[in-house]
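**Q** Below are the structure tokens for one structure; questions will follow.
Protein chains in written order, with this note's numbering: chain A, 283 to 474; chain B, 9 to 175.
Shown next, in the form of structure tokens:
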């Protein structure tokens with residue numbers, strides 16, 4: 283069997299890499315890196331820009347409730363950015379430390395986190411945003427009559443929860459089609 | 009003028025390209041193998057700055073390569089199942105069109121490796137590159153003893169598949 287396997291080894295090592303345009307790949311990657319840096323700067327600066335915009339444009343900053351509303355929106359946005367960064371599948375920054383089994387475990391954890399985000403965190407995010415909007419309305423709609431204010435509060439809350447419900451339903455369907463088979467496949471690869 | 013990263017990347021490419029290419033052939037067929045090869049190179053480039061020298065550069069490199077290959081194979085499988093459920097053999101080079109005896113043998117070898125479960129495929133391709141049991145354990149994440157058990161099974165399976173009559 284050894285001799286046979288030696289032959290198989292020789293046969294395997296006989297295969298050489300095909301011609302590959304490495305310089306053009308390197309220049310492409312450099313371009314992508316530059317673009318990604320720009321995009322990351324935009325994403326990172328989006329939250330403070332939004333908060334500054336809200337605090338200056340809307341007449342909320344004068345009151346405590348207005349400030350609280352702005353803080354809630356900012357926290358909600360920062361939380362979403364943090365969660366989505368945490369559940370990104372493509373990153374393998376720690377490959378030097380990760381063996382294949384550890385890598386599979388980490389990928390599984392990230393994929394499962396996406397389901398958790400959908401099941402728990404999206405609802406919490408919806409609640410935070412609804413709370414922030416309602417607190418903001420307490421200030422901005424103060425001069426209006428009570429029925430109009432109640433209608434605005436109920437309308438905004440219902441709108442947020444309807445959008446949230448539709449988004450969660452759609453995403454859940456998409457995840458069941460795309461992520462579930464990958465999760466099942468990766469689970470199968472774990473040696474117990 | 010080329011940067012240090014660029015020079016280092018080119019050096020790694022020159023040293024390891026054949027081995028990386030072969031591992032791609034163990035996980036994907038035809039054009040998909042070329043796509044995987046490119047994906048691995050991109051990952052290596054992307055993470056080259058984060059190499060901290062805690063392990064051999066080759067171990068780091070093959071961990072990236074195999075981790076990418078596993079993700080790639082999982083995604084490919086999902087794509088294949090979405091397509092028109094073509095028989096597996098249709099994706100391969102038709103042996104009738106193989107230009108030489110060597111190509112035919114290589115085709116049979118890729119097919120035999122492709123039929124192994126993913127973890128066995130990792131071990132098989134590392135074994136075919138003369139990687140030590142310790143090296144295989146470091147890359148795959150299973151114990152050296154378990155590697156030894158697996159190696160015996162894989163050697164027997166490959167030899168049997170490629171030489172069913174035992175000649």
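We treat Cβ as the ideally placed atom computed from N, Cα and C, and that holds for glycine.
#1: Using a Cβ-Cβ cutoff of less than 7 Å, which residues in the same chain neighbour residue 93 of chain B once the five nearest sequence positions on both sides are dropped?
#2: Please report the distance separating the alpha-carbon of residue 56 of chain B from that of residue 170 of chain B.
#3: Can you round the beta-carbon distance between residue 72 of chain B and residue 50 of chain B to whole angstroms, since I take them to be within the 8 Å contact cut?
#4: Excluding sequence positions up to five away, which residues of its chain have a Cβ less than 7 Å from the Cβ of residue 292 of chain A?
#5: So which residues on chain A does residue 171 of chain B lean against when the C-beta distance must stay under 7 Å?
#6: Below 7 Å on C-beta distance, what does residue 299 of chain A contact in chain B?
#7: Please find out if some non-hydrogen atom of the ligand ZN comes closer than 7 Å to the beta-carbon of residue 18 of chain B.
#8: Do you know offhand how far residue 388 of chain A's Cα is from residue 32 of chain B's?
#9: Which of helix, strand or coil does DSSP assign to residue 449 of chain A?
#10: Output yes or no for whether 8 Å exceeds the beta carbon distance between residue 30 of chain B and residue 139 of chain B.
#11: Is the number of C-beta pairs between the segment 114-134 of chain B and the segment 32-41 of chain B that are closer than 8 Å three or more?
#12: Is there a C-beta anywhere in chain B that falls below 8 Å from the one on residue 294 of chain A?
#13: With 9 Å as the C-beta to C-beta threshold (strictly closer), list the residues of the segment 133-149 of chain B near chain A in chain order.
#14: Taking Cβ positions, are residue 356 of chain A and residue 333 of chain A nearer each other than 8 Å?
#15: When the distance is taken between beta carbons, is residue 383 of chain A closer than 8 Å to residue 63 of chain B?
#16: What whole-angstrom Cβ distance do residue 136 of chain B and residue 294 of chain A have, given they're in contact under 8 Å?
#17: Taking Cβ positions, are residue 419 of chain A and residue 433 of chain A nearer each other than 8 Å?
#18: With a floor of 3 residues, list each beta strand (DSSP E) that falls wholly inside the segment 59-90 of chain B, ordered by position along the chain.
#19: In terms of residues, what are the limits of the alpha helix (DSSP H) holding residue 167 of chain B?
#20: Compare the C-alpha of residue 126 of chain B against each of B/164, B/44 and B/74 and name the closest.
#21: Where does residue 287 of chain A land, buried or exposed, given buried means 16+ other C-beta within 10 angstroms?
#22: Need the endpoints of the alpha helix (DSSP H) that residue 426 of chain A sits in, please.
#23: Sort A/380, A/416, A/422 and A/290 by Cα distance to residue 435 of chain A and report the nearest one.
#24: Can you give me, in chain order, the residues of the segment 28-62 of chain B that have a beta carbon less than 8 Å from any beta carbon in chain A?
#25: So is residue 467 of chain A in contact with chain B if we call contact Cβ pairs under 8 Å?
#26: Could you give the first and the last residue of the continuous alpha helix (DSSP H) run that contains residue 359 of chain A?
#27: Quick one, are the C-beta atoms of residue 390 of chain A and residue 469 of chain A less than 8 Å apart?
#28: Compare the C-beta of residue 84 of chain B with all C-beta atoms of chain A and state if any pair is closer than 8 Å.
#29: Determine the contact status of residue 399 of chain A and residue 365 of chain A, defining contact as a CB-CB distance below 8 Å.
#30: Between residue 381 of chain A and chain B, is any beta-carbon pair separated by less than 8 Å?
#31: Residue 290 of chain A versus chain B: which residues are under 8 Å apart at the beta carbon?
#32: Quick check: what's the CA-CA separation for residue 297 of chain A versus residue 319 of chain A?
#33: Would you grab the beta carbon distance between residue 421 of chain A and residue 354 of chain A for me? Rounded to a whole angstrom, and I think it's under 8 Å.
#34: Do residue 44 of chain B and residue 77 of chain B have their beta-carbon atoms positioned less than 8 Å apart in this structure?
#35: Please return the same chain residues whose Cβ sits closer than 7 Å to the Cβ of residue 53 of chain B, not counting the five positions on each side in sequence.
#36: Look at the alpha carbon of residue 59 of chain B and the alpha carbon of residue 380 of chain A, and state the distance between them as a whole number of angstroms.
**A** Here's the rundown:
#1: Confidence at residue 93 of chain B is low in this model, with a pLDDT of 42, below 50, so the placement of that residue should be treated as unreliable; the coordinate-derived value is given next. The answer is none, since no qualifying residue turns up.
#2: The alpha-carbon atoms of residue 56 of chain B and residue 170 of chain B are separated by roughly 38 Å.
#3: Going by Cβ atoms, the distance from residue 72 of chain B to residue 50 of chain B rounds to 10 Å, so no, they are not a contact pair.
#4: So no residue of the chain qualifies.
#5: Residues of chain A passing the Cβ test: 286.
#6: 25, 26 and 29
#7: For the structure depicted, the ligand ZN is absent and the ligand set is empty, with no information on it obtainable.
#8: 22 Å
#9: helix
#10: no
#11: yes
#12: yes
#13: Residues of the segment 133-149 of chain B whose Cβ lies closer than 9 Å to any Cβ of chain A, in chain order: 133, 135, 136, 137, 138, 145, 146, 147, 148 and 149.
#14: yes
#15: no
#16: 4 Å
#17: no
#18: none
#19: 152-170
#20: Comparing Cα positions, the closest option is B/74.
#21: buried
#22: For residue 426 of chain A, there is no enclosing alpha helix (DSSP H), as DSSP marks it with neither H nor E.
#23: Looking at A/380, A/416, A/422 and A/290, the one whose alpha-carbon comes closest to that of residue 435 of chain A is A/416.
#24: Correct list: 28, 29, 30, 33, 42, 45, 46, 49, 50, 51, 53, 54, 55, 58, 59, 60 and 62.
#25: Interface residue, yes.
#26: 346-368
#27: yes
#28: no
#29: yes
#30: yes
#31: 117, 136, 166, 167 and 170
#32: The straight-line gap from Cα to Cα measures roughly 38 Å.
#33: Their Cβ separation, rounded to whole angstroms, is 13 Å, which puts residue 421 of chain A and residue 354 of chain A out of contact at 8 Å.
#34: yes
#35: 17
#36: 12 Å
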